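Chemist: Per numbering that gives the first Met the number 0, the very first residue in the sequence shown carries number 0; after that it's consecutive.
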Amino acid sequence: MVSAVRLIRSASLSSIAEYAYAATAPADARLVFLAGSCPLDAAGRTIAVGDHAGQAAACIANLRQALSDAGATLEDVVSTRVLVASSRQADLIAAWQVVRDAFGDHDAPSTLLGVTVLGYDDQLVEIEAVAAVVD
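1) Taking the alpha-carbon of L117 as reference, which of V83, Q64 and A10 has the nearest alpha-carbon?
2) Runs of 4 residues minimum, wholly inside the segment 30-82: which ones carry the alpha helix (DSSP H) assignment?
3) Are the CB atoms of S9 and A24 nearer to each other than 9 Å?
4) In angstroms, rounded to a whole number, what distance separates the CA positions of I92 and V77?
5) Look up R5 in the DSSP assignment and give the residues it is bridged to.
6) Would you identify the three-state DSSP class for V133, choosing helix, strand or coil?
7) Pull up the distance between the alpha-carbon of S86 and that of D104, whole angstroms please.
8) Is V31 closer than 9 Å to A133 when the C-beta atoms are compared?
9) What does E125 pair with, by DSSP beta-bridge criteria?
10) Could you have a look at L12 and say whether DSSP puts it in helix, strand or coil?
11) Could you pull out every residue in the same chain whose Cβ sits closer than 7 Å to the Cβ of G113, ignoring the five residues on either side in sequence?
12) The beta strand (DSSP E) with V114 in it runs from where to where?
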């Protein structure tokens, strides 16, 4: 199945960003707004305590499941927001690299943010996403 999402890159903006600068979806697409994907197991326990990359991987796994439940995949994602509870740029980069690798060639527009705290005990990473699918 071909994704309805069209990624837009800009020759006028820096090529250092590891994502497209914009994305579009056709008017007949069904938009899927995902809650923030958290690093929680099925019992609600935080996975990979103290490990930004490990939590990012858990968030991606949960994001994939939520997308699947909605009839979508990572290739249908229009944009993401990656929240990392840290003031250290290295922690943000560790989480981002996991996210970037998971998306591969589908480098949807994204925002990476350092935040002071997230909602669950020991939570360091959360990933928000919007997807678009044509049924």
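The beta-carbon is built from N, C-alpha and C at its ideal position, and this holds for glycine as well.
Since this is a predicted model, take the numbers as computed values, not measurements.
Modeler: Reading off the structure:
1) V83
2) 51-68
3) no
4) 21 Å
5) T23
6) coil
7) 29 Å
8) Sequence check: residue 133 is Val here, not Ala. No.
9) L82
10) coil
11) V83, S85, S86 and L91
12) S109 to V114
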